[in-house]
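Visitor: Residue 242 in full-length UniProt numbering is what sits at position 242 of the sequence shown, and the numbering runs on without skipping anything.
Note that the Cβ used here is the ideal one computed from N, Cα and C, for glycine as well.
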Amino acid sequence: MFESLLKELLHPEPTAHLYANTDFSQLNWFEMQWVNWYLWIDNPILATGLMSFVLHEIVYFGRCIPWIIVDAIPYFNRWKLQPGKVPSPKDQWECTKLVLLTHFTVEIPQIWLFHPMAEALGMQTWQVPFPNWKTMAVQVAIFFVLEDFWHYFAHKSLHYGPLYKRIHKIHHKYSAPFGLAAEYAHPLEVLILGVGVIGGPMLYCFLTGEMHIATVYLWISVKLFQTIDAHSGYDFPWSLRHILPFWGGADYHDFHHMSFINVCPLFPFPFLY
């Protein structure tokens, strides 16, 4: 597998033939941009890897930036769960450095290997058109439930003495979490919890043979959005947890960081970590 992957990376076959039987007149704007991206890169593995990494960085830091701005404006302190613990610019920068290091050393290899693994399970990557929105919504909901069960047991295990001391303690450096700290963690923790995020789509694809990577991208984007919100340290009257009863907000997770107890419960109270 590694040899075939290396061969395809070094000596890619032309991508144009993949779309030889595609009716472009039936595609929407987003689907056409998808096709143009794969044609421009002209290597499906490279195109998927680049898109996956760039998407992750844009969504992660794009969602963190509003919280950095909120932390810098005293007006919003009234909604901060631990008002006396606003992260300093130094805290933000130290956190960012470790997060970036993890992204470039731990996550890039996983992202790069995702394309061949996904296609081996029958997942669509370069293909168009996309699934309809109802299909994608149902699949994302299933992934939330699967990830919640995995995260509960993995997180609880990471609070076991030796594992906490050697691995999970890094994530608890900040007793008052903030957005950027959502992925501030030991590389092994990133790998362990990452299995829950990507394992659901892989398992679903293996069992059903019906999955498009566009759905995986939507799932990861929503999951990052929720995870960063849970670490934001703020509970606004308009926070999603007050609108969606199944949405895990910052209140529970902030208390977990402050007290180092209360590992999140299972469904029907999912996504609370």
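What does Y234 pair with, by DSSP beta-bridge criteria?
Guide: K80
Visitor: Nearest-angstrom Cα distance between P131 and K223?
Guide: 19 Å
Visitor: To the nearest angstrom, report how far apart H172 and H257 are at their CA atoms.
Guide: When rounded, the separation of the alpha-carbon atoms in H172 and H257 is 6 Å.
Visitor: Taking only three categories from DSSP, how would you classify Q33?
Guide: helix
Visitor: Tell me whether the region 136-149 and the region 214-234 touch, counting them as touching only if at least three CB pairs, one residue from each stretch, are closer than 8 Å.
Guide: yes
Visitor: How should V190 be labelled, buried or exposed, when 16 other C-beta atoms within 10 angstroms of its C-beta is the threshold for buried?
Guide: buried
Visitor: Taking a contact to mean a Cβ-Cβ separation below 8 Å, would you say L81 touches D251 in this structure?
Guide: The Cβ atoms of L81 and D251 sit closer than 8 Å to each other.
Visitor: Check whether the region 154-174 and the region 183-197 touch, using three or more Cβ-Cβ pairs below 8 Å as the test.
Guide: yes
Visitor: Can you say whether W93 is buried or exposed, counting buried as having 16 or more other CB atoms within 10 angstroms of its CB?
Guide: exposed
Visitor: Here's the rule I'm using: 16 or more other beta-carbon atoms within 10 Å means buried, otherwise exposed. How should L193 be labelled?
Guide: buried
Visitor: Start and end of the alpha helix (DSSP H) containing V190?
Guide: P187 to T208
Visitor: For P245 and Y19, what's the separation of their Cα atoms in angstroms?
Guide: 43 Å
Visitor: I need the boundaries of the alpha helix (DSSP H) containing residue 278, first residue and last residue.
Guide: What is shown of the chain runs 1 to 273, which leaves residue 278 out entirely.
Visitor: Let me make sure I understand the geometry here. Which of E57, D91, F61 and R63 has the alpha-carbon closest to that of S175?
Guide: Nearest to S175 by alpha-carbon distance, out of E57, D91, F61 and R63, is D91.
Visitor: Are three or more beta carbon pairs between the region 94-107 and the region 27-44 nearer than 8 Å?
Guide: no
Visitor: Report the rounded CA-to-CA distance for G122 versus S232, giving the unit in angstroms.
Guide: Put simply, the backbone Cα of G122 is about 37 Å away from that of S232.
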